[in-house]
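**Q** Quick note: the sequence shown uses our numbering, first residue 4, plus one each step.
I'd like to ask you about the structure that follows.
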Amino acid sequence: MTTVIAVHDVNDVAHWLSSPKRAEFFGAHGMTVRTFVSPDGKNRVGLIIENVPSLEALSQALEGADAAEAMKYDGVHPDTVELFVAS
């Protein structure tokens with residue numbers, strides 16, 4: 004298991020924070036998340052994703068239809084997603 008940090012932009016930080024979709028999606032894949040927001044008030048947010056079986060497993064999960072649905076609902080800008088893996 005590893006830990007991954009994901010950083011990306013969203014349409015609305017308050018909506019993203021209040022959405023249940025993120026926890027539902029990652030929970031269905033056996034992962035847990037903690038959320039972070041930019042202190043400068045911009046729409047840049049981050050996640051610490053724990054219990055990640057492998058970067059390949061996470062990448063495959065993020066390419067699925069359920070991920071696309073959750074990201075759309077949450078207002079995530081998929082083209083801004085950056086992943087950082089614990090070393």
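Note that the Cβ used here is the ideal one computed from N, Cα and C, for glycine as well.
#1: Using the C-alpha atoms, what's the distance from D69 back to E53?
#2: Do N14 and G78 have their C-beta atoms closer together than 7 Å?
#3: Measuring straight from C-alpha to C-alpha, what distance separates H80 and R25?
#4: State the start and end residues of the unbroken alpha helix (DSSP H) segment that holds V79.
#5: Given V88, which residues of its chain have a CB within under 7 Å of its CB, disregarding the five upstream and five downstream residues?
**A** To lay it out plainly:
#1: 19 Å
#2: yes
#3: 14 Å
#4: Looking at the DSSP string, V79 is not in any alpha helix (DSSP H), and its letter there is neither H nor E.
#5: So the list reads T5, V7 and L58, once near-sequence residues are dropped.
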